[in-house]
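Engineer:
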Amino acid sequence: MLLVTLLAWRPTASPTAFGEEPDLKGEFLRLSDAGAKIVEKQARTTERIGRAFYWDSYVVRALAVAYDMTGKEEFLDACKLWSDQMIEYQNGMIPEGAYYMQYGRKPGEKEGDWYVADCASIAHGVLATAVRCDDAEEKERYLNSVQSFARLVAENFVRSSGGVTDGYWPKSDKEWWCSSGIFGSLAFCLYDETGDESYLKIGLGTIDWLNQQDLLTVAVHFPPETIPPTVMMYCLEAYSAGLPHLEPGTERYQGTMAQWSKALAWMSKSLGGQAGIDYISQWGSKFGGLPFHMYVYAHHVPDSGHVAQAADDELRYIAGVLEKAAPSNQRDQLALFAMMSYAEKLSPGSIYRTSKR
Numbered sequence: 110m111l112l113v114t115l116l117a118w119r120p121t122a123s124p125t126a127f128g129e130e131p132d133l134k135g136e137f138l139r140l141s142d143a144g145a146k147i148v149e150k151q152a153r154t155t156e157r158i159g160r161a162f163y164w165d166s167y168v169v170r171a172l173a174v175a176y177d178m179t180g181k182e183e184f185l186d187a188c189k190l191w192s193d194q195m196i197e198y199q200n201g202m203i204p205e206g207a208y209y210m211q212y213g214r215k216p217g218e219k220e221g222d223w224y225v226a227d228c229a230s231i232a233h234g235v236l237a238t239a240v241r242c243d244d245a246e247e248k249e250r251y252l253n254s255v256q257s258f259a260r261l262v263a264e265n266f267v268r269s270s271g272g273v274t275d276g277y278w279p280k281s282d283k284e285w286w287c288s289s290g291i292f293g294s295l296a297f298c299l300y301d302e303t304g305d306e307s308y309l310k311i312g313l314g315t316i317d318w319l320n321q322q323d324l325l326t327v328a329v330h331f332p333p334e335t336i337p338p339t340v341m342m343y344c345l346e347a348y349s350a351g352l353p354h355l356e357p358g359t360e361r362y363q364g365t366m367a368q369w370s371k372a373l374a375w376m377s378k379s380l381g382g383q384a385g386i387d388y389i390s391q392w393g394s395k396f397g398g399l400p401f402h403m404y405v406y407a408h409h410v411p412d413s414g415h416v417a418q419a420a421d422d423e424l425r426y427i428a429g430v431l432e433k434a435a436p437s438n439q440r441d442q443l444a445l446f447a448m449m450s451y452a453e454k455l456s457p458g459s460i461y462r463t464s465k466r
């Protein structure tokens, strides 16, 4: 069993100990040290053993920020090792540009399930690696990989509505919340990096489609009682990455703010364990990334200090949950999403940074 627990260390917080002043940087860097080891092991693992490459992508994105903060080459080396393996698998995938998910369709296979959402997460990890490479050829190789994937999706799975289908998935060939959210965020990030207007158009299209959805009921095929934190995590990826590209006062912006308001209202009744959803579970683990989105929102939307404070409180609650939980893959999953939240708290904007800044 491949399991290097992300939280072998013990944070000092408990779910209710909000009054203590935590060492957030120390906690994040200890997470990063453990995460780098996991990513290195995953880069050498072909078959899925309890986790998956899309999980790793969130560790890689956070490790890239840890590298920005510290200059520690071991963090960037882990990102490169993992991204190199993603490209090696990609080179053998059918269709061209697809990433191997560590499940479903394998390199060389012409049939089998293959999901846009999961692979868009992988692409985010490769892109985070690319923008931190000083060597131009190295950066170009990683960026070309991400653009090859983006081209595949743009040409085959982006619909006229702006929504994105989830690739080769037998349950549905319609626009899907998860693929729209994650690929939409990737499109915005690619636009920021390359200046290619076609990516901006795709990103804005996903916002338009998501603005028409009820985020609390959109996830058909999944358990309605426990799926909401997952829907929020992935749909808000498009909204968070897209915020700088929305013009206040427009219909698109107003629709986006309405969706944020609904999401934050749900969070106000659900964070801190209020929803009764186990944080140490496949769907509940995404609670770990919700403070990330809250911090992004608070950074871009005036008079949102209360949202940032709620994110701080939730991050302490998550640390307490992790402190008490027994080692498991799902505990790791909560921790890796929490790494995104730590990264945004400590280095605002670095998750979405480009090679220019």
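Under our numbering, the first residue of the sequence shown carries the number 110, and numbering increases by one thereafter.
All C-beta atoms, glycine included, are put in the ideal place defined by N, C-alpha and C.
1) Quick one: measure Cβ to Cβ for Leu352 and His409, integer angstroms, because I've assumed they're closer than 8 Å.
2) By the 10 Å Cβ neighbour count, where 16 or more other Cβ atoms means buried, how is Ala245 classified, buried or exposed?
3) Between Pro337, Lys215, Tyr404, which lies nearest to Trp286 when the distance is taken from Cα to Cα?
4) Applying the criterion that 16 or more other CB atoms from any shown protein chain within 10 Å of the CB defines a buried residue, is Gly144 buried or exposed?
5) Going along the chain, which residues of its own chain have a beta-carbon closer than 8 Å to the beta-carbon of Glu156, five neighbours each way excluded?
6) Can you give me the start and stop residues for the alpha helix (DSSP H) that Ser257 sits inside?
7) So the alpha helix (DSSP H) Ala452 belongs to, where does it begin and stop?
8) What is the C-beta distance between Val174 and Ile460, in whole angstroms, given that I count them as a contact (C-beta under 8 Å)?
9) Report yes or no: do three or more beta-carbon pairs, one from the stretch 212-222 and one from the stretch 425-433, lie closer than 8 Å?
10) Going by C-alpha distance, which of Leu185, Gln442, Phe137, Gln199 is nearest Ala239?
11) In chain order, what residues of the same chain have a beta carbon less than 7 Å from the beta carbon of Glu197, not counting five sequence neighbours either side?
12) Looking at the structure shown, is Pro120 part of a helix, part of a strand, or coil, going by DSSP?
13) Can you list, in chain order, the residues of its chain whose CB lies under 7 Å from that of Ala117, leaving out five sequence neighbours each side?
14) Quick check: the Cα distance between Ala237 and Ala171, rounded to an integer number of angstroms?
15) Should the stretch 129-138 be regarded as contacting the stretch 190-204, the criterion being three or more beta carbon pairs within less than 8 Å?
16) Just how far apart, CA to CA, sit Ser464 and Ala207?
17) Kindly indicate which three-state DSSP category Val327 falls into: helix, strand or coil?
18) Thinking C-alpha only, which one of Tyr300, Glu432, Lys283 is nearest His354?
19) For the stretch 272-279 against the stretch 219-235, do three or more pairs of beta-carbon atoms, one drawn from each stretch, fall closer than 8 Å, so that the two count as touching?
20) Quick one: residues in its chain with C-beta nearer than 6 Å to the C-beta of Cys188, no 5 flanking neighbours on either side, listed in chain order?
21) Helix or strand or just coil, what does DSSP make of Trp285?
22) Does the pairing of the stretch 382-402 with the stretch 439-446 give three or more beta-carbon distances under 8 Å?
23) Could you tell me if Pro120 is buried or exposed, where buried requires 16 or more neighbouring beta carbons within 10 angstroms of its beta carbon?
24) When we look at the beta-carbon of Glu302 and count the other beta-carbons within 10 Å, is it buried (16 or more) or exposed?
25) Less than 9 Å separating the beta-carbons of Gly364 and Asp317?
26) Three-state secondary structure (DSSP) at Tyr388?
27) What would DSSP say about Trp375, mapped onto helix, strand or coil?
28) Note down, in chain order, each residue of its chain lying with its Cβ closer than 6 Å to the Cβ of Glu423, except the 5 sequence neighbours on either side.
29) Could you tell me the boundaries of the alpha helix (DSSP H) in which Lys433 lies?
30) Mapping the DSSP letters down to three states, classify Tyr277 as helix, strand or coil.
31) Along the chain, where does the alpha helix (DSSP H) that runs through Phe184 open and close?
32) With 16 as the cutoff for other CB atoms within 10 Å, does Tyr348 come out buried or exposed?
33) Ignore the nearest five residues each way along the sequence and tell me which others in Asp227's own chain have a CB closer than 6 Å to its CB.
34) Using 9 Å as the threshold, is the C-beta distance between Gly271 and Thr315 below it?
35) Is it the case that the Cβ atoms of Ala420 and Lys378 are separated by a distance below 9 Å?
Structural biologist: Answer, in terms of the structure:
1) That belief holds up - the Cβ atoms of Leu352 and His409 are roughly 4 Å apart, short of 8 Å.
2) Exposed.
3) Answer by Cα proximity: Pro337.
4) The residue in question, Gly144, is buried, as its Cβ has 16 or more Cβ neighbours within 10 Å.
5) Counting only Cβ-Cβ distances below 8 Å, and skipping sequence neighbours, we find Gln211.
6) Run containing Ser257: 245-265, per the alpha helix (DSSP H) assignment.
7) Where Ala452 is concerned, the enclosing alpha helix (DSSP H) stretches over 438-455.
8) The Cβ separation is near 6 Å, so the contact holds.
9) No: fewer than three Cβ pairs fall under 8 Å.
10) Taking each of Leu185, Gln442, Phe137, Gln199 in turn and checking the Cα distance to Ala239, the smallest one comes out for Leu185.
11) Taken in chain order, the list of residues that qualify is empty.
12) Residue placement at Pro120 cannot be trusted, given a pLDDT of 39 that sits under 50; what the coordinates show is reported in the next sentence. Note: Pro120 maps to coil in three-state DSSP.
13) With a pLDDT of 37 at Ala117, under the threshold of 50, the modelled position of that residue is not reliable, and the figure given next carries that caveat. Correct list, in chain order: Ala143.
14) Computed Cα separation, rounded: 9 Å.
15) Touching, no.
16) Going from the Cα of Ser464 to the Cα of Ala207 covers about 24 Å.
17) Coil.
18) The option with the nearest alpha carbon to His354 is Tyr300.
19) A contact exists between the stretch 272-279 and the stretch 219-235.
20) Residues Val169, Leu172, Ala173, Thr238 of the same chain have their beta carbon placed closer than 6 Å to that of Cys188, with the five preceding and five following residues left out of the count.
21) DSSP places Trp285 in coil when its eight states are reduced to three.
22) Taking 8 Å as the limit for Cβ pairs, the verdict is that the stretch 439-446 does touch the stretch 382-402.
23) Its pLDDT being 39, under 50, Pro120 is placed unreliably in this model, and the value from its coordinates should be taken loosely. By the 10 Å Cβ count, Pro120 comes out buried.
24) With 16 or more other Cβ atoms within 10 Å, it is buried.
25) A contact, by the Cβ cut-off of 9 Å.
26) Coil at Tyr388, not helix or strand.
27) The DSSP-derived three-state label of Trp375 is helix.
28) Here Glu423 has Leu380, Pro400 as same chain residues with Cβ atoms under 6 Å from its own Cβ, once five neighbours each way along the sequence are excluded.
29) If you look at Lys433, you'll find it in the alpha helix (DSSP H) that goes 414-433.
30) Residue state for Tyr277 is assigned as strand, using DSSP reduced to three classes.
31) Under the DSSP assignment, Phe184 falls in the alpha helix (DSSP H) whose first and last residues are 182-199.
32) Around the Cβ of Tyr348, a 10 Å sphere holds 16 or more other Cβ atoms; the residue is buried.
33) The beta carbon of Asp227 is closer than 6 Å to those of Tyr163, Met210 in its chain, skipping five residues each way along the sequence.
34) The answer is yes: Cβ separation under 9 Å.
35) In this structure, Lys378 does not lie closer than 9 Å to Ala420 by Cβ.
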